[in-house]
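Chemist:
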Amino acid sequence: MSGWMDSAKKLCITLKANTELEIQSIAMAMLKLPVPISSLAPVKFTPFLSKSNELASPLLDPMKLLKVAADAKNLKFGRVIHAHLVITNRIPRDCRVNQINSLINLYVKCDELFIARQMFDRMSKRNVVSWCALMAGYMQNGSPLDVFELFKKMIVKDNIFPNEYVIATVISSCFDSQMYVEGKQCHGFSLKSGLELHQYVKNALIQMYSKCSDVRAALKILDTVPGYDVFCYNLVLNGLLEHSHVGEAIEVLKLMIDEGTKWNNATFVTIFRICASLKDLKLGKHVHARMLKSDIDDDVYIGSSIIDMYGKCGNVLSGRAFFDQLQNRNVVSWTAIMAAYFQNGFFEEALNLFSKMEIDHIPPNEYTLAVLLNSAAGLSALSHGDQLHARAEKSGLKGNVIVGNALIIMYSKSGDILAAQLVFSNMKCCDSITWNAIITGHSHHCIGKEALNIFHDMLTARECPNYVTFIGVLSACAHLSLVDEGLYYFNHLMKQLGIVPGLEHYTCIVGLLSRSGRLDEAENFMRSNPINWDVVAWRTLLNACYVHRNYDKGKQIAEYLLQMDHEDVGSYILLSNMHARVRRWDGVVKVRKLMRERNVKKEPGVSWLEIRNIAHVFTSEDNKHPESSQIYEMIRDLLTKIRPLGYVPDIAGVLHDIEDEQKIDNLSYHSEKLAVAYGLMKSPSGAPIRVIKNLRMCDDCHTAIKLISKVANRTIIVRDANRFHHFQDGFCSCGDYW
DNA sequence: ATAGGGTTAG
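Add 331 to a position in the first sequence, counting from 1, and you land on the number used in the working numbering.
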């Protein structure tokens, strides 16, 4: 408990703080330190203290302490030393430059650029280090123009020739801001001046070329420079990984192994990242074993990358086991393990870990919140999402892009597209993910018009659309039956932007054509394009046949599809529904027989909704719910109310949900009807009801819920296996095509 | 006064 006290005394003694005022000011400042000084930077700091034997030691000079403070980014500690220097002020004039340089470095490292600049401006005499330290600050800050200006002034005004550190800093600020032309000029300069022979400069150049797409140039530098070290390799590997050139990364790794270059901590981190992106568990385990055998001390960086590797390779349990035995965990390790659960679909586990993290007193950051929000989105758990949103506001992270994006995704996937819009319009800065999330969100909600509006906003905002953008845009066009517009984007705009359409885009076109009734064209499009069409694409066409009641083509496609893929339950059900719609009961029986023979089982229909933070789950004909008799009464009541509006129970589209097809009565108690009825009973009037269903909604429920939304005067939002249906005033956003 | 970890749109 009195750790800081001892340390304060030691510091006072060693700094020769004699007056009462000095001792007091140091002790007071140290009181405010978040950690005891001895744990500040254990490795670097303790030797000073222990060897000094509480006496003034030549080792413990303020300059070294300033470096400790800077490296630990501990502003408070740095200020103590600064205060001490101001009070004692016993440095001879000619040594003042170095002292101020150290102070500039301190403030730069602690993100106090303004103070650093002030100190710099007040210097009567400066050397290269002064300039360089401040330039490093601007580089870190992402202000390359300020770096260039200082660079110029240094040469012109002070007549100082840049050294290797200066030029390396300038190069770094070029590639951080993607100013490759300037970067190449620096390359030329360093060639002429001979500075490129320095390791720092070489590394900066390699890093620059690896960061822009010019991997070849980076490798060339690697080739031409004799005697490259681990740093070079690590930089190239990271540059390659950043552009997902995994194959070439492996090549470089082989080179590294041939050379016998010893791997260090950063190398292991990078290699685990490679394993993760390859999803190669075997390789990952191998490297892990090799790391354990080697003499390196694993640190918190390696720990996180190992957890991530196991997660990305689909082995959460190994990741968890490793996480559990870690003695040092920080935000990143926690985020990594939660992300591993999320990526493998264990959303609840990810959310549960959060409370454990809080018990450990580790505050979440933007990445943590993103993982949590995505997990909430995976469950469509609006209540969790809302809580996390409040959490983000409290911690001041709501302005962050990463958090904003995750909020949009969460709200959109949880069925609250209005909330997603609100987050979107309040975002200070967006990236391509933001735009894509809000566009595809609207598409999922079948709000095609708004999706296209936002797409045009995106173009005017000069954000470049990408592969994912067009999936959202093309499906919006499909919803609106804007065939020409969709084909224009597909045939021209994408080409113009250099985006090679993939299966998803082709499938959107099938949807676009077939939805607007051009079934033959859609089929021709599929047959004439040598794409590796998958079940989803064929089922899109099949579904269109079903909705447009083209029985013959539908049957033909279904048969073809079932030949191709024996397991796709959706196709069996569509075929069965198609038979039922034209009252071909023999056909229905045949499909069922086929399913039994091939042992294809339909998942039972399940719907759920949240009422006051509790999820209520319903299955068809559910009577397990404690209030089921009231729910059934509610349904009977609703059904009698909608009959005058033209509701007639539709047996055709629902047979697949009934085990015993004679029991027509059952369709009144489909899981989504139960959930909607319960929602109407339990939520205040005016509040939208959000229901989630695991399968495609059946025709009967769709009709019934449309009319229920009218008689009950409620917005009802149902997420089925494919999309969101917004029921309002007797209509559905999907336009009865789903 | 060089390098390394965690998130995301379909």
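For glycine and all other residues, C-beta sits at the position ideal for the given N, C-alpha and C.
Could you check if Asn908 is buried or exposed, using at least 16 other CB atoms within 10 Å of its CB as the buried criterion?
Modeler: buried
Chemist: Determine whether the beta carbon atoms of Leu397 and Leu434 lie at a separation below 8 Å.
Modeler: yes
Chemist: Within 10 angstroms of the Cβ of Asp639, are there 16 or more other Cβ atoms? Answer buried if so, exposed if not.
Modeler: buried
Chemist: Using DSSP with H/G/I as helix, E/B as strand and the rest coil, what is His1024?
Modeler: One detail in the question is off: residue 1024 reads as Lys in this sequence, not His. Of the three classes helix, strand and coil, the one that applies to Lys1024 here is strand, per DSSP.
Chemist: Tell me Ile942's beta-bridge partners as DSSP assigns them.
Modeler: Ile945
Chemist: Do the CB positions of Ile498 and Val532 come within less than 8 Å of each other?
Modeler: yes
Chemist: Using 8 Å as the threshold, is the region 573-586 in touch with the region 616-634, meaning 3 or more CB pairs across them?
Modeler: no
Chemist: State the start and end residues of the unbroken beta strand (DSSP E) segment that holds Val1049.
Modeler: 1047-1050
Chemist: Give the C-beta separation of Asn874 and Leu844 to the nearest angstrom, bearing in mind that I take them to be a contact with Cβ-Cβ under 8 Å.
Modeler: Not quite, the Cβ-Cβ distance comes to about 13 Å (not below 8 Å), so this is no contact.
Chemist: Of all the options Ala1043, Ser608, Ala853, Phe562, which has the alpha carbon lying nearest to the alpha carbon of Trp594?
Modeler: Considering only alpha carbons, the answer is Phe562.
Chemist: Return the Cβ separation of Leu783 and Ala807 in integer angstroms, given the expectation that the two are a contact with Cβ distance under 8 Å.
Modeler: 5 Å
Chemist: Measure from the alpha carbon of Ser1014 to the alpha carbon of each residue in Ser1002, Asn1044, Lys483, Tyr1000, then state which is nearest.
Modeler: For Ser1014, the nearest C-alpha among the options comes from Asn1044.
Chemist: Helix, strand or coil for Thr838? Go by DSSP, reduced to three states.
Modeler: helix
Chemist: Check this for me: beta carbons of Gly709 and Phe678, under 8 Å apart or not?
Modeler: yes
Chemist: Just to confirm the assignment, what range does the alpha helix (DSSP H) spanning His1033 have?
Modeler: 1030-1042
Chemist: Evaluate Ser938 with the Cβ neighbour count: other Cβ atoms within 10 Å of its Cβ, from every protein chain shown; 16 or more gives buried, anything less gives exposed.
Modeler: buried
Chemist: Restricting to runs no shorter than 4 residues, where is the alpha helix (DSSP H) found entirely within the region 478-508?
Modeler: 495-507
Chemist: Among Asp968, Arg967, Ala1006, which has the Cα closest to the Cα of His956?
Modeler: Residue Ala1006 is the option with its Cα nearest to His956.
Chemist: In or out: Glu697 buried (at least 16 other Cβ within 10 Å) or exposed?
Modeler: buried
Chemist: How many Å lie between Lys484 and Ile491 at the Cα?
Modeler: 9 Å
Chemist: Pairing CB atoms from the region 461-475 with CB atoms from the region 503-521, are three or more of them under 8 Å?
Modeler: yes
Chemist: Determine the closest residue to Asp689 out of Asn675, Gly676, Thr666, Ser711, with distance taken between C-alpha atoms.
Modeler: For the record, residue 689 in the displayed sequence is Glu; it is not Asp. In terms of CA proximity to Glu689, Thr666 leads the group Asn675, Gly676, Thr666, Ser711.
Chemist: Since Phe1055 sits in a beta bridge, which residues does DSSP pair it with?
Modeler: Arg1050
Chemist: Quickly, what does DSSP pair Val937 with across the bridge? List them, please.
Modeler: Thr950
Chemist: Taking the straight line between their C-alpha atoms, what separation do you get for Pro276 and Ile1048?
Modeler: This structure cannot speak to residue 276, because the chain is shown only from 332 to 1069.
Chemist: So, does the region 723-740 touch the region 962-980, judging by three or more C-beta pairs under 8 Å?
Modeler: no
Chemist: Could you tell me which whole alpha helix (DSSP H) segments of length 4 or greater appear in the region 680-761?
Modeler: DSSP runs (the alpha helix (DSSP H)) wholly in the region 680-761: 697-710, 713-725, 732-744, 748-756.
Chemist: Determine the direct distance from the alpha carbon of Gly833 to that of Phe821, and round the result to whole angstroms.
Modeler: 11 Å
Chemist: Taking only three categories from DSSP, how would you classify Cys1063?
Modeler: strand
Chemist: Can you tell me whether Phe1062 is buried or exposed? The criterion is at least 16 other CB atoms within 10 Å of its CB, across all chains shown.
Modeler: exposed
Chemist: Starting from Val931, trace the alpha helix (DSSP H) in both directions and tell me its first and last residue.
Modeler: Neither: Val931 is in no alpha helix (DSSP H) and is coded neither H nor E.
Chemist: Where does Glu443 sit, in a helix, a strand or coil, going by DSSP?
Modeler: In the three-state scheme derived from DSSP, where H, G and I count as helix and E and B as strand, Glu443 is classed as coil.
Chemist: Taking only runs of the alpha helix (DSSP H) that begin and end inside the region 775-863, which ones reach a length of at least 4 residues, in chain order?
Modeler: Counting whole runs of 4 or more residues, the region 775-863 contains the alpha helix (DSSP H) stretches 779-791, 798-811, 814-819, 834-846, 850-859.
Chemist: Do you know offhand how far Tyr978's Cα is from Asn855's?
Modeler: 38 Å
Chemist: Do Ala549 and Gly578 count as a contact pair if the criterion is CB distance below 8 Å?
Modeler: no
Chemist: Taking 8 Å as the threshold (C-beta atoms), are Arg1054 and Cys839 in contact?
Modeler: In this structure, Arg1054 does not lie closer than 8 Å to Cys839 by Cβ.
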